[in-house]
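Accompanying notes for the structure given below.
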Amino acid sequence: MQIATRVAGLAARASGSLSRRLGRGGGTTVPGVVLLKLRPNAIAELIADLPMGAVFISATNGKTTTTRLVVAAAKASGLQVVTNEEGSNLERGVAAALLEGPEDGEIGIFEVDEAALVAITRTVTPRTLLLMNLFRDQLDRYGELDTLVNDWRDMLDRLERSAEPPHLVLNADDPNIADLGREREQVTWFGVADVSHALPQRAHAADATNCRRCGTALVHEPALLGHLGHWRCDNCDAARPTPDVAATAAVLHPDRQHVTIRSGDTAATVTSELTGLHNTYNLTAAMATTLTLDGDADTAAAALGATQPAFGRGERIEVDGRRLNLLLAKNPTGVNQNIRTLLAGGSDSVHVLALLNDRTADGRDVSWIWDVDWEPLDGQLASLTISGDRAWDLALRFRYAGFDMTTITVEPDTARALDIAIESTPAASTLHALATYTAMLDLRAELTRRGHVDAYWSES
Amino acid sequence: MSSQPTLQPTMTVRLCHLYPDLMNIYADRGNIAVFRQRLAWRGYGLEITNASVGDSIEADAHDLYYLGGGQDRDQDLVADDLAHKAEVLRDAADHGAAQLYVCGGIQLAGHSYVASNGERLGGVSVLDLETAAGQTRLIGDLVIEATIEGTTRQIVGYENHAGRTTLGPTCTALGKVKTGHGNNDTDGTEGATRDHVIATYLHGPLLPKNPWVADTLLVWALEHRYGAGIELASLDDALEDRAHAAAVERAGVAR
Chain A
5 MQIATRVAGL AARASGSLSR RLGRGGGTTV PGVVLLKLRP NAIAELIADL
55 PMGAVFISAT NGKTTTTRLV VAAAKASGLQ VVTNEEGSNL ERGVAAALLE
105 GPEDGEIGIF EVDEAALVAI TRTVTPRTLL LMNLFRDQLD RYGELDTLVN
155 DWRDMLDRLE RSAEPPHLVL NADDPNIADL GREREQVTWF GVADVSHALP
205 QRAHAADATN CRRCGTALVH EPALLGHLGH WRCDNCDAAR PTPDVAATAA
255 VLHPDRQHVT IRSGDTAATV TSELTGLHNT YNLTAAMATT LTLDGDADTA
305 AAALGATQPA FGRGERIEVD GRRLNLLLAK NPTGVNQNIR TLLAGGSDSV
355 HVLALLNDRT ADGRDVSWIW DVDWEPLDGQ LASLTISGDR AWDLALRFRY
405 AGFDMTTITV EPDTARALDI AIESTPAAST LHALATYTAM LDLRAELTRR
455 GHVDAYWSES
Chain B
61 MSSQPTLQPT MTVRLCHLYP DLMNIYADRG NIAVFRQRLA WRGYGLEITN
111 ASVGDSIEAD AHDLYYLGGG QDRDQDLVAD DLAHKAEVLR DAADHGAAQL
161 YVCGGIQLAG HSYVASNGER LGGVSVLDLE TAAGQTRLIG DLVIEATIEG
211 TTRQIVGYEN HAGRTTLGPT CTALGKVKTG HGNNDTDGTE GATRDHVIAT
261 YLHGPLLPKN PWVADTLLVW ALEHRYGAGI ELASLDDALE DRAHAAAVER
311 AGVAR
């Protein structure tokens with residue numbers, strides 16, 4: 005490491021502990037901001053110090069969980085890992101993680117925001133790049149999906165010309181991602197081969213409905229999750245690539261799943277507390293990525309299975325004799341999948357606390373809640389408590405979907421809404437909390453105040 | 061409860077939803093849901109005809125037309141196809157049918173849209189307005205003071221558009237910008253209207269928080285089919301009013 009980078013790092017680190025001591029939130033990215041001010045090229049300089057280089061993981065949905073999984077597998081194989089486990093996935097978050105990481109770090113494994121990825125890869129070529137999916141997300145932050153797909157294509161063209169191009173790990177089931185990998189070298193395709201979890205119909209928010217090459221409507225036989233599935237174009241020869249690493253059997257239970265992941269002649273079975281088909285994709289992607297790092301499949305399977313849910317991604321917390329299931333609600337496909345997972349329990353008395361904020365990190369535009377298919381909850385809800393800065397907008401979504409409004413309570417204040425939701429949920433039952441990012445922080449802060457969870461930045 | 065002794069035949073609005081498969085990215089289905097429910101709660105029906113690329117629309121067969129917003133790639137596709145539908149849409153507007161154009165819709169309702177690469181897309185010329193792409197996107201909360209048929213109220217929503225729209229002499233602005241950017245970020249106008257046509261950049265979606273706009277369009281649509289004198293029963297809009305007030309407050313206008 006250059007001396008100047010080291011000095012900048014010391015100053016930046018000091019700013020982080022100062023911020024934390026002053027009680028200004030987690031202080032997780034302050035050192036990164038300071039470091040990048042002092043040394044704009046710090047990320048590339050610090051990654052150059054890692055003998056095995058870096059793995060970048062990006063997607064609309066699943067990047068935090070999958071990064072945890074890949075990190076767990078790498079640690080299990082004995083590697084010293086530098087990672088942004090707190091989910092700060094912009095340039096400053098990656099820079100902060102590199103500063104705070106172990107001195108003898110061997111490999112960096114980072115989740116990277118979809119837009120920040122394009123910027124970071126201008127100075128750093130990762131050894132492995134995992135691209136998992138692209139769904140319709142916050143239009144006010146990311147722009148239209150097409151714009152992002154085109155930016156990623158330009159990025160891959162650029163990386164292909166670098167001295168050591170990255171090994172690409174790509175989702176064969178996402179038509180957007182598959183098109184990005186067309187006619188490229190060093191690609192590992194992953195996907196879900198088990199078709200027993202087919203969607204009855206494609207979701208309203210499905211985006212990649214037309215062939216990216218010829219514009220014809222794609223055929224999904226079947227669709228598995230949003231626009232992910234076994235797709236093909238009947239007009240040209242575009243079709244889902246055959247996965248190199250595939251989930252050949254996924255058995256989904258309300259509190260765990262068993263997934264068999266096959267790569268060539270070898271197969272490993274993972275038993276995980278991460279529920280739902282979205283996590284089947286995450287587990288498969290993590291296995292495929294680990295194999296590019298020469299990891300052993302059985303060691304990886306054990307490590308993946310031992311990984312607990314990340315912040316707000318299906319964390320389960322005991323509150324006043326009820327089980328609180330924390331689910332981040334960030335975009336239509338993510339929420340659709342959360343609803344599908346929580347209904348899979350087969351219960352017709354579902355209790356939900358839904359919190360909608362419209363701060364910068366949530367997306368200021370709340371219109372995305374209209375693209376969520378909330379309708380499967382109709383008739384299954386025993387109680388629904390609606391909260392957050394934009395609680396009334398969310399209430400209208402249910403009113404115009406024709407829900408029975410007598411089972412619905414609107415209370416914008418987080419603490420009072422939590423009380424109402426807990427009171428509406430019988431003891432020993434589960435309360436599912438669906439919250440946007442800052443609403444989840446508010447809810448966590450309230451749970452911390454009541455002594456149910458630690459503050460999120462002090463988690464190991 | 062006993063049923064009413066004399067059942068009137070149900071009145072039904074015939075909605076033509078333009079390009080629901082392509083122009084739907086700003087929660088346009090919320091606007092359709094509002095039309096459907098506010099009719100249903102009053103005992104009226106909604107009959108929806110979807111008209112996408114290649115479909116022809118029958119003249120005088122609809123009372124209400126809706127066109128939402130889409131991605132640039134899809135908007136190109138739609139502009140080409142709209143040329144075949146333009147005459148029917150202009151005739152319908154001239155004969156009092158209700159029409160609502162939102163986001164990308166307002167741009168296609170005008171004479172033309174000039175993209176950032178200089179390419180010119182033709183519009184349907186239902187409204188006398190022109191749009192050209194600007195260097196930046198205009199994004200954020202948007203509150204306007206709108207006047208429709210002599211009534212003035214606030215309409216609230218969100219805007220996200222690169223286009224700068226300029227109104228011609230034969231159409232008037234839907235309203236004045238209270239907070240946000242509006243048509244072009246310079247002249248303080250937002251949206252456009254003539255006869256029973258409303259066009260606006262406001263989404264969020266537009267209608268759930270602004271039921272006054274929805275009911276105005278529904279009265280126009282019912283009168284188009286059944287003749288003048290329609291009066292809609294009032295509904296309990298307590299939730300709508302709270303959502304409207306909360307959004308206006310978030311936008312930093314009223315306290």
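Just so you know, the protein sequences line up as chains A and B, in that order. Just so we're aligned: the first sequence equals residues 5 to 464 in this note's numbering. Just so we're aligned: the second sequence equals residues 61 to 315 in this note's numbering. Even glycine gets a Cβ: it sits at the ideal position worked out from N, Cα and C.
Bridge partners - residue i, DSSP secondary structure assignment
| i | result |
| --- | --- |
| S465 of chain A | The question about residue 465 of chain A has no answer here: the residues shown for chain A are numbered 5 through 464. |
| Y126 of chain B | B:H77 and B:L160 |
| F60 of chain A | A:F114 and A:L133 |
| V356 of chain A | A:L388 and A:H436 |
| H262 of chain A | A:V255 and A:T275 |
Beta-carbon gap between residue i and residue j smaller than 8 Å
| i | j | result |
| --- | --- | --- |
| T87 of chain A | F114 of chain A | yes |
| T468 of chain A | S166 of chain A | The structure shown does not extend to residue 468 of chain A, since chain A is modelled only from 5 to 464, so the question has no answer here. |
| S62 of chain A | E148 of chain A | no |
| Y404 of chain A | G90 of chain B | yes |
| T264 of chain A | T252 of chain A | yes |
| N175 of chain A | N214 of chain A | no |
| G240 of chain B | L202 of chain B | yes |
| G280 of chain A | T337 of chain A | no |
| Q84 of chain A | E49 of chain A | no |
| D520 of chain A | I373 of chain A | The question about residue 520 of chain A has no answer here: the residues shown for chain A are numbered 5 through 464. |
| W235 of chain A | V249 of chain A | no |
| L435 of chain A | T429 of chain A | yes |
| D297 of chain B | P271 of chain B | yes |
| V308 of chain A | M291 of chain A | In the sequence under discussion, the amino acid at residue 308 of chain A is Leu, which differs from the Val named in the question. Contact flag set, yes. |
| T70 of chain B | E107 of chain B | no |
| V113 of chain B | D141 of chain B | yes |
Residue burial classification, residue i (beta-carbon count within 10 angstroms, cutoff 16)
| i | result |
| --- | --- |
| Y79 of chain B | buried |
| R216 of chain A | buried |
| S176 of chain B | exposed |
| R96 of chain A | buried |
| V308 of chain B | buried |
| M159 of chain A | buried |
| Y286 of chain B | exposed |
| L172 of chain A | buried |
| S353 of chain A | exposed |
| Q131 of chain B | buried |
| G268 of chain A | exposed |
| E107 of chain A | exposed |
| R186 of chain A | exposed |
| C240 of chain A | exposed |
| N45 of chain A | exposed |
| G13 of chain A | buried |
| W101 of chain B | exposed |
| T225 of chain B | buried |
Partners in chain A for residue i, counting only beta-carbon separations shorter than 9 Å
| i | result |
| --- | --- |
| Q135 of chain B | None at all; the shortest Cβ gap to chain A is about 10 Å. |
| K269 of chain B | W396, D397 and L400 |
Within chain A, partners of residue i - CB distance below 7 Å
| i | result |
| --- | --- |
| L299 of chain B | W396, A399, L400 and R403 |
| H263 of chain B | S371 |
| P80 of chain B | None at all; the shortest Cβ gap to chain A is about 10 Å. |
| A302 of chain B | Per the sequence shown, the amino acid found at residue 302 of chain B is Arg instead of Ala. What R302 of chain B touches in chain A: W396. |
Neighbour list for residue i in chain B, Cβ cutoff strictly below 9 Å
| i | result |
| --- | --- |
| R368 of chain A | I199, G200, D201, Y218 and R310 |
| D198 of chain A | Simply none; closest approach about 29 Å. |
| D393 of chain A | A306 and R310 |
Chain B contact residues for residue i, given Cβ-Cβ distances below 8 Å
| i | result |
| --- | --- |
| D150 of chain A | Q131, D132 and R133 |
| G3 of chain A | In this structure chain A extends from 5 to 464, so residue 3 of chain A is not present and cannot be described. |
| D183 of chain A | Correct list: empty, because the minimum Cβ distance to chain B is about 14 Å. |
| D377 of chain A | Within 8 Å Cβ-Cβ: nothing; D377 of chain A doesn't reach chain B, min ~10 Å. |
Under 7 Å from the C-beta of residue i: neighbouring residues of chain B
| i | result |
| --- | --- |
| W374 of chain A | A87, R89, G90 and P265 |
| D362 of chain A | R310 |
Chain A residues whose Cβ lies nearer than 8 Å to that of residue i
| i | result |
| --- | --- |
| V273 of chain B | Chain A residues near V273 of chain B: none, gap ~14 Å exceeds 8 Å. |
| V94 of chain B | Y404 |
Any non-hydrogen atom of the ligand FAD within 7 Å of residue i CB
| i | result |
| --- | --- |
| T151 of chain A | Here there are no bound small molecules, and the ligand FAD is not part of this structure. |
*Quick one: complete beta strand (DSSP E) runs, 3+ long, within the stretch 158-226 of chain B?*
158-162, 172-174, 180-182 and 189-208
*Counting only runs that start and end within the stretch 153-225 of chain A, where is the alpha helix (DSSP H) found for 4 or more residues in a row?*
179-184
_Entirely enclosed beta strand (DSSP E) segments - the stretch 237-312 of chain B, minimum 3 residues_ = 252-254 and 257-260
*asked:* So within the stretch 368-393 of chain A, which uninterrupted beta strand (DSSP E) runs reach at least 3 residues, ignoring any that extend past its ends?
replied: Correct list: 385-391.
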